[in-house]
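Worksheet: one structure, shown below.
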Amino acid sequence: MKIGPVQRTHDGDSTEIAVEVTSEAKPTGDRLWYRVERRHEPMLTDTMDPFLLAALFVAMRTGESLHAAGGVTATLLENLEEFQSAWLQWRPERYTRVEITADEELPDRPGPDDRSALQTFSGGADSAYTTIRHVSGAAGRGALHLTGAVMVHGFDIPLEERGSYETLRDRSAPLLAGQGIELLPVTTNFRQLWHSDLSHWEDAFGTGMTSVLTLFSGRFRHGLIASSEPYGSLLLPWGSNPVTDWMMSGGRLRVHHDATGVDRNDKVAGLARLWPEGADNLRVCWQGEKKDRNCCRCEKCIRTILNFKVSGAAVPASFPLEVTPDHIRSLRGLSEAHINPLRQILTAAHARGTEEDWVAALADCVAANEDELARGVSYEGGFPLLATDTPR
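Quick note on our numbering: the sequence shown kicks off at 3 and runs consecutively.
Set out below in structure tokens:
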């Protein structure tokens with residue numbers, strides 16, 4: 003499999019960075035592209051690191067060696083050997099170790115580390131907490147100089163839903179600017195091209211996020227990916243995790259899996275305390291009809307509402323609809339990745355002596371979904387079902 007060389011084109015205020023990816027399976031090639039605002043072009047890297055990260059899982063699925071027609075940092079090549087080792091332990095039936103080469107191996111960035119950082123920002127609770135954690139200094143000695151946030155169109159918001167993305171982007175830009183952070187919009191066909199299948203996406207989304215972060219390594223030295231699970235409840239394998247995220251670091255950008263020492267209940271409590279405006283503008287939903295807001299009926303919306311409830315913080319304005327015990331009980335089709343954070347909420351509720359009606363409903367929901375999972379029950383499309391007004 004060969005990637006590149008990189009092609010840059012301009013269309014008005016937009017810059018497109020693209021590569022052709024050819025393989026034995028598809029000699030005509032796939033075209034992988036990223037589009038950024040032209041004014042952000044000086045921030046872009048001149049290495050092939052982002053494209054190598056993006057193509058890695060495709061090569062591992064087909065078993066073809068991977069060659070970049072350009073320069074790749076030697077640090078990334080070394081780290082991806084260990085990255086492959088981890089994923090071959092986790093998914094030996096799905097992936098094969100591949101040889102990775104490049105026209106040129108590049109040294110690390112010279113000069114002192116200025117701790118300049120950007121993050122992935124979706125508008126969700128995890129990424130919003132990472133924002134305020136570093137801006138406020140709550141990250142302690144690990145705090146980075148966070149001044150950039152990439153918001154990607156083509157990941158959880160499909161490419162065809164441009165209006166939803168633009169609404170979210172336009173709402174998030176001033177919110178982040180208030181914290182001294184510039185929003186860096188990116189559109190890419192990474193998911194649409196190679197990872198439309200959910201099982202492939204759940205493995206590869208971390209390489210997609212890191213690919214976008216690394217794209218901006220002409221300006222930033224550190225990239226932050228917000229943790230989704232705490233150390234005490236890690237779910238492996240998962241596309242982004244504290245075990246392998248650092249292995250996607252190259253010689254121009256160091257990748258951090260951020261705030262794994264904080265569970266989501268404490269994250270939302272911290273968010274409500276440190277950045278209430280951020281809490282009022284959360285967007286966690288990926289299943290609702292309108293992707294720029296919260297439907298309050300999908301498992302992720304309901305889960306986040308319960309995070310606020312169990313933490314003792316008020317449910318913010320970003321979740322305008324009431325969630326009843328019947329809504330909670332009606333959730334079905336949950337995978338282990340969905341059940342795991344619900345168990346964390348239930349454990350916290352019991353530890354804090356919370357006796358509200360939603361706690362019993364959540365216990366019923368977890369038990370029912372664990373039973374269905376054990377029996378191999380699945381629903382059309384493989385996605386969780388939206389909540390209904392009556393239990394299923």
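Note that the Cβ used here is the ideal one computed from N, Cα and C, for glycine as well. Being a predicted model, the structure only gives us computed values, none of them experimental.
- DSSP places Ala-151 in no alpha helix (DSSP H) but in the uninterrupted beta strand (DSSP E) bounded by 147-155.
- Between Gly-253 and Arg-111, the beta carbon gap of about 6 Å places them in contact (Cβ cut-off 8 Å).
- Taking Ala-362 as the centre and dropping the five residues before and after it, the same chain places the C-beta of Pro-327 closer than 8 Å to its C-beta, in chain order.
- In the DSSP assignment, Ala-71 falls within the unbroken beta strand (DSSP E) covering 68-75.
- Here the segment 85-105 makes no contact with the segment 14-34; the two share fewer than three CB pairs at distances below 8 Å.
- Per DSSP, Trp-277 has no beta-bridge partner at all.
- Counting other Cβ atoms within 10 Å of its Cβ, Thr-209 reaches 16 or more and is therefore classed as buried.
- Counting only residues of its own chain and dropping the five nearest sequence neighbours on each side, Trp-277 has a CB closer than 6 Å to the CB of Ile-134.
- A check of alpha carbon separations from Lys-292 across Ile-183, Pro-160 and Ile-307 identifies Pro-160 as the nearest.
- Straight through space, the alpha carbons of Phe-310 and Gly-144 are spaced by roughly 26 Å.
- By the Cβ criterion, the segment 165-184 is not in contact with the segment 52-59, since fewer than three pairs of Cβ atoms, one from each stretch, lie closer than 8 Å.
- The segment 295-303 makes contact with the segment 325-345; the number of CB pairs closer than 8 Å reaches 3 or more.
- Put simply, of Val-137, Gly-142 and Asn-371 the residue whose alpha carbon is nearest the alpha carbon of Gly-180 is Val-137.
- Boundaries of the beta strand (DSSP E) harbouring Arg-37: 32-39, taken from the DSSP string.
- For Gln-9, the pairing in a beta bridge is given by DSSP as Ala-20.
- Each of Ala-71, Thr-17 and Asp-13 was checked against the Cα of Val-23, and the nearest Cα belongs to Ala-71.
- Taken in chain order, the complete alpha helix (DSSP H) segments of 4 residues or longer contained in the segment 238-309 are 266-276 and 278-282.
- For Val-312, the secondary structure class from DSSP, reduced to helix, strand or coil, is helix.
- Considering only Gln-86, Leu-82, Asn-81 and Glu-106, the residue with the shortest C-alpha distance to Gly-6 is Glu-106.
- Counting along the chain, Thr-122 sits inside the beta strand (DSSP E) bounded by residues 118-122.
- By the Cβ-count criterion, His-12 is exposed, with fewer than 16 other Cβ atoms from all chains shown falling within 10 Å of its own Cβ.
- Counting other Cβ atoms within 10 Å of its Cβ, Ser-235 stays below 16 and is therefore classed as exposed.
- Nearest neighbour of Leu-186 by Cα position, chosen from Arg-193, Leu-46 and Leu-323, turns out to be Leu-46.
- Classified as buried, Ser-313 has 16 or more neighbouring CB atoms from the shown chains inside 10 Å of its CB.
- Of all C-beta pairs linking the segment 222-241 to the segment 75-87, fewer than three are shorter than 8 Å, placing the two stretches out of contact.
- The C-alpha of Arg-334 is placed about 10 Å away from the C-alpha of Val-379.
- Taking each of Pro-52, Trp-89 and Asp-128 in turn and checking the Cα distance to Gly-263, the smallest one comes out for Asp-128.
- In the DSSP annotation of this structure, the continuous segment of the beta strand (DSSP E) that includes Pro-187 starts and ends at 184-190.
- Its Cα nearest to that of Glu-18, the residue Glu-39 stands out among Ser-25, Glu-39, Phe-85 and Thr-169.
- Under the DSSP assignment, Ile-227 falls in the beta strand (DSSP E) whose first and last residues are 224-228.
- By the neighbour-count definition (other C-beta atoms within 10 Å, threshold 16), Ala-274 is a buried residue.
- Between Arg-331 and Cys-367, the C-beta gap is smaller than 7 Å, which places the two residues in contact.
- Out of Leu-217, Glu-66, Ile-183 and Arg-223, the CA that lies nearest to the CA of Asp-115 is found in Arg-223.
- For Ala-104, the uninterrupted beta strand (DSSP E) run begins and ends at 102-108, by DSSP.
- According to the DSSP assignment, Tyr-167 belongs to the alpha helix (DSSP H) that extends over 164-179.
- Straight-line measurement puts the Cα of Ala-351 at about 52 Å from the Cα of Gly-73.
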